[in-house]
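Each residue of the sequence shown is one higher than the last, beginning at 419 in my numbering.
No residue lacks a Cβ here, since even glycine has one placed at the ideal position from N, Cα and C.
Each remark here refers to the structure printed beneath this line.
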Amino acid sequence: MELDADRGTPDELARIDAVVPADVRAACKVLIDAGHEAVTVGGAVRDALLGRPAGDWDVATSAHPDEVVRLFRRTIPTGLQHGTVTVMVGHGADRQGVEVTTYRGEGAYTDARRPDHVVFGVPLVEDLARRDLVVNAIAYDPIARRLHDPFGGRADLAARRLRAVGDPVARFTEDGLRVMRVVRFAATLEFELDPATEAAFAPALPSLRRVSQERVHDELVKLLGARRPSIGLHIARRSGVLAAVLPEHAALDDATWARTVAWVDDAAPAVRLAALVAALGDRVADAALRRLKFSNEDRERVVKLVRVADAPDGGAAEPDVRRRLAAAGRALAADAIALWAARPGDAAARDALVAAARVVVDRGDALALGELALGGADLMAELGLPPGKQLGVLLNRLLERVLDDPKTNTRAALLDAARALG
Ligand code: ATP
Ligand code: MG
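As structure tokens, then:
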């Protein structure tokens with residue numbers, strides 16, 4: 419009976435079986451039929467046991483990568499040097515790629531990022547031993563229907579606890595990104611951090627500083643996708659992880675930080691990054707996002723939102739709200755409103771601002787030169803103005819009037835105003 423429980427209780431097995439994709443099972447079967455071991459491992463097994471929607475299903479196998487390539491008709495050498503091959507199973511349009519990685523042990527990490535060399539031909543338990551967290555080191559054989567859980571991952575899932583596999587200081591210093599992964603999982607899974615695991619963060623910070631910004635970027639984005647990113651953000655601040663990856667934020671005072679974290683939690687996913695960097699101001703936010711390798715598109719969008727993130731001076735007065743929306747631009751109006759809607763502080767002022775902004779947008783008030791009822795060509799034809807800078811200045815003054823009072827956005831009223839101004 420004890421052996422059965424060790425292989426997985428009927429309930430655990432049923433929970434995983436219900437969600438293992440057919441193509442993953444098929445890939446494992448091909449490998450097992452050829453005399454190898456094949457298991458699913460990592461995040462998907464963890465999430466399936468938790469009853470959470472599972473992400474990518476990864477397969478680990480005792481077969482050498484060359485053998486994996488030989489056994490499947492179509493393969494993609496995704497990361498051959500790490501032993502990863504994407505195998506295509508199924509037929510026609512149903513054909514899917516499954517990532518298969520050969521069991522591997524790792525040599526030393528001299529650069530705190532990548533092992534110096536990987537060793538194939540190790541047993542499953544050694545492959546599991548190189549993984550970051552005990553909850554991420556559970557394997558499931560979908561053909562034999564049995565779990566392999568040599569480090570007590572299911573006990574940690576039940577206790578909702580994050581613990582490093584093996585010696586946490588050694589594990590975190592060999593790959594500094596692991597501490598950020600732990601911060602992220604603390605937030606996404608809403609698990610407690612084992613004290614010895616958190617105590618190992620500090621000695622790993624020099625390693626974290628050497629991790630590529632691309633990897634940090636990906637973790638930060640995943641952290642912001644949690645239901646409550648604040649859980650991870652608080653851990654990051656108290657442990658020094660924040661100072662290592664977002665030094666700009668580490669410099670914020672406690673009250674500003676508390677406000678920032680609350681803003682992030684309450685913000686819609688599309689504007690969480692803007693909420694996170696709003697307190698830095700546009701220049702510092704721009705530099706931080708540049709360093710973290712956000713795409714130009716993401717960065718420019720967020721920086722524009724940061725510029726309008728604070729309350730308009732006039733509170734919810736429509737002209738001020740229109741000026742703020744004009745500064746963000748029509749395309750970002752909905753995002754700006756979403757950012758305001760989550761802003762911590764005076765709820766009545768916030769609700770009034772959001773309501774006013776929605777009225778402005780829904781009514782279609784002009785927010786840009788292109789939305790005026792006349793253009794430069796009209797001014798040249800009607801007023802005999804020459805092309806040039808003066809024309810642009812005049813149009814901007816007309817836009818100012820329209821931002822003050824959208825009822826003046828008619829061709830006749832604008833021509834009258836232009837004559838008076840001109
Ligand atoms: P998710 O896919 O939900 O982001 P995950 O746990 O599946 O989370 P992946 O990056 O997909 O994370 O990695 C798959 C598995 O590989 C992990 O569960 C873990 O066992 C192992 N792993 C990933 N990154 C590391 C790392 N930096 N150090 C040690 N093990 C890792
Ligand atoms: Mg995964």
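Which listed residue (the options) has its alpha carbon closest to that of residue i
{"i": "S480", "options": "H509, T591, I450", "result": "I450"}
{"i": "D783", "options": "P560, N827, P805, A746", "result": "N827"}
{"i": "L787", "options": "L809, V779, L803, L771", "result": "L809"}
{"i": "L363", "options": "A562, H535, V536, F569", "result": "No statement about residue 363 is possible, as the shown extent of the chain runs from 419 to 840 and does not include it."}
{"i": "S625", "options": "P483, P647, F603, F590", "result": "F590"}
{"i": "D796", "options": "R627, P824, L832", "result": "L832"}
{"i": "G594", "options": "V536, Y558, D529", "result": "D529"}
{"i": "V777", "options": "I649, H667, A752", "result": "A752"}
{"i": "R548", "options": "D769, G571, R522", "result": "R522"}
{"i": "V861", "options": "K447, T427, R425, T458", "result": "The structure shown does not extend to residue 861, since the chain is modelled only from 419 through 840, so no value can be given for it."}
{"i": "K640", "options": "R690, D671, R717, V629", "result": "R690"}
{"i": "G794", "options": "L813, L785, V779", "result": "L813"}
{"i": "A617", "options": "D574, Q631, D585, E632", "result": "D585"}
{"i": "F609", "options": "G733, R646, V536, A562", "result": "R646"}
{"i": "L623", "options": "S657, F603, S648", "result": "S657"}
{"i": "V820", "options": "A766, R741, G840", "result": "R741"}
{"i": "P824", "options": "M506, P737, A759, A555", "result": "P737"}
{"i": "L801", "options": "V772, A775, D834", "result": "D834"}
{"i": "V486", "options": "L468, G473, V507", "result": "V507"}
Through-space distance from residue j to residue i, alpha-carbon basis
{"i": "V724", "j": "G699", "result": "7 Å"}
{"i": "V634", "j": "V587", "result": "19 Å"}
{"i": "G361", "j": "T502", "result": "The question about residue 361 has no answer, for the chain in this structure spans 419 to 840."}
{"i": "A749", "j": "R719", "result": "10 Å"}
{"i": "R837", "j": "A696", "result": "42 Å"}
{"i": "G453", "j": "D559", "result": "14 Å"}
{"i": "R701", "j": "V721", "result": "8 Å"}
{"i": "D465", "j": "L498", "result": "27 Å"}
{"i": "R829", "j": "R781", "result": "18 Å"}
{"i": "R599", "j": "E637", "result": "7 Å"}
{"i": "V659", "j": "A644", "result": "18 Å"}
{"i": "A620", "j": "A444", "result": "43 Å"}
{"i": "L651", "j": "V679", "result": "7 Å"}
{"i": "R677", "j": "A576", "result": "33 Å"}
{"i": "D429", "j": "R470", "result": "15 Å"}
{"i": "P613", "j": "P687", "result": "30 Å"}
{"i": "A662", "j": "R564", "result": "41 Å"}
{"i": "D476", "j": "G515", "result": "11 Å"}
{"i": "D822", "j": "S713", "result": "35 Å"}
{"i": "L421", "j": "D567", "result": "In this predicted model, L421 has a pLDDT of only 48, less than 50, meaning its place in the structure is not dependable enough to derive any value."}
{"i": "H667", "j": "R433", "result": "41 Å"}
{"i": "R492", "j": "I561", "result": "22 Å"}
{"i": "V463", "j": "E592", "result": "25 Å"}
{"i": "C446", "j": "T674", "result": "51 Å"}
{"i": "D424", "j": "R578", "result": "19 Å"}
Endpoints, alpha helix (DSSP H) assigned at residue i
{"i": "P495", "result": "Premise fails: P495 lies in the beta strand (DSSP E), 493-497, not in any alpha helix (DSSP H)."}
{"i": "A686", "result": "A686 -> no alpha helix (DSSP H), and no H or E assigned at all."}
{"i": "T615", "result": "613-617"}
{"i": "T458", "result": "Taken as a continuous stretch (DSSP letters only), T458 belongs to no alpha helix (DSSP H), being part of the beta strand (DSSP E) at 456-459."}
{"i": "V779", "result": "765-781"}
{"i": "F538", "result": "Counting along the chain, F538 falls outside any alpha helix (DSSP H), though it belongs to the beta strand (DSSP E) covering 536-538."}
{"i": "V553", "result": "Segment: none, V553 is in no alpha helix (DSSP H) and carries neither H nor E."}
{"i": "V583", "result": "Here V583 belongs to no alpha helix (DSSP H), and DSSP marks it neither H nor E."}
{"i": "K722", "result": "714-726"}
{"i": "H667", "result": "665-668"}
{"i": "R572", "result": "571-577"}
Residue i CB to nearest heavy atom of ligand 2 below 6 Å
{"i": "D474", "result": "yes"}
{"i": "G461", "result": "yes"}
Residue i: CB within 6 Å of a non-hydrogen atom of ligand 1
{"i": "R633", "result": "no"}
{"i": "L595", "result": "yes"}
{"i": "R470", "result": "no"}
{"i": "D550", "result": "yes"}
{"i": "N714", "result": "no"}
{"i": "N554", "result": "yes"}
Endpoints, beta strand (DSSP E) assigned at residue i
{"i": "R522", "result": "522-524"}
{"i": "L565", "result": "564-566"}
{"i": "T504", "result": "502-507"}
{"i": "A557", "result": "557-559"}
{"i": "A478", "result": "476-479"}
Within-7 Å CB hit, residue i to chain C
{"i": "A668", "result": "Given the protein chain composition of this structure (a single chain), no chain C is represented."}
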